[in-house]
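A.B. asks: If you want the numbering used here, it's the 1-based position in the sequence shown plus 3.
For every residue, glycine included, the Cβ atom is placed at its ideal position computed from N, Cα and C.
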Amino acid sequence: FSRNSHNALRLHRLFLSSASNATISSYLRELTRHPHLAGTKPSLETLNYVQNHFKSLGLETHVAEYEALLSYPTHISVTARFSNTTTLEFDLNDVPGDSSSSSPVVRPYHAYSPSGSAQGNMVFVNHGEERDYRALESIGVSVKGCVVLARKGEILGRGGIVK
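Shown next as structure tokens:
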């Protein structure tokens, strides 16, 4: 046998001997205990947890540092401007009734999208699925040049509405 096949066999045995429902559950609990957005302190804590765990199993570990261009979420709000010049701002960082808004959960954002603002008539598009746009089109509502507002949920992920 070659050295690679011995290594593969050793890793296979290590995995089988250390994997159980209880251990996998504890790993999952630890890895999802807090958000670990790249480049943040919790991300470093997650790296240390994984590295220490691998070392405790006798695995060789290496950490490489990279200079990476990362974007992070900023303030998210919608401001409604009415014809009588009044405005109403909705802060989307802290949504009433949403228990996750006061927790350390990273609010949804589109990575690598520049900060900015959009202006236009606002159209509510339900979940922003293709069928929702077809329903609006069938009653003569066009979203061209508009800002669309979609509710979270259903099937689409964070980027599914933006096209």
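Along the chain, where does the beta strand (DSSP E) that runs through V53 open and close?
C.D. replies: It is not in any beta strand (DSSP E) - V53 instead sits in the alpha helix (DSSP H) that spans K44 to S59.
A.B. asks: Would you grab the beta carbon distance between T89 and T82 for me? Rounded to a whole angstrom, and I think it's under 8 Å.
C.D. replies: Not confirmed; about 11 Å, so no contact.
A.B. asks: Just to check my reading of the structure: A153 and G131 have Cβ atoms closer than 8 Å, yes? What is that Cβ distance to the nearest angstrom?
C.D. replies: Yes, they are in contact, since the Cβ atoms of A153 and G131 sit about 3 Å apart, within 8 Å.
A.B. asks: When you compare each of L73, H56 and A121 to H65 by their alpha carbons, which one comes out closest?
C.D. replies: Nearest option by C-alpha distance: H56.
A.B. asks: Buried or exposed for V108, going by 16 or more other Cβ atoms inside 10 Å?
C.D. replies: The residue is exposed, with fewer than 16 neighbouring Cβ atoms inside 10 Å.
A.B. asks: Between the stretch 39-55 and the stretch 4-19, are three or more C-beta pairs nearer than 8 Å?
C.D. replies: The answer is no - the stretch 4-19 does not touch the stretch 39-55, with fewer than three Cβ pairs under 8 Å.
A.B. asks: Give me the Cα-Cα distance between N51 and Y75, rounded to the nearest whole angstrom.
C.D. replies: Computed Cα separation, rounded: 22 Å.
A.B. asks: In whole angstroms, give me the CA-to-CA distance for L72 and D135.
C.D. replies: Roughly 35 Å separates the two Cα atoms.
A.B. asks: Give the secondary structure of E92 by DSSP, where H, G and I count as helix, E and B as strand, and everything else as coil.
C.D. replies: Looking at E92 - three-state DSSP - the assignment turns out to be strand.
A.B. asks: Helix, strand or coil, according to DSSP, for F18 in the structure here?
C.D. replies: Helix, per DSSP.
A.B. asks: Identify every residue that forms a DSSP beta bridge with L152.
C.D. replies: DSSP lists F127 as partners of L152.
A.B. asks: Let me know the secondary structure DSSP gives R84 once reduced to three states.
C.D. replies: Strand, per DSSP.
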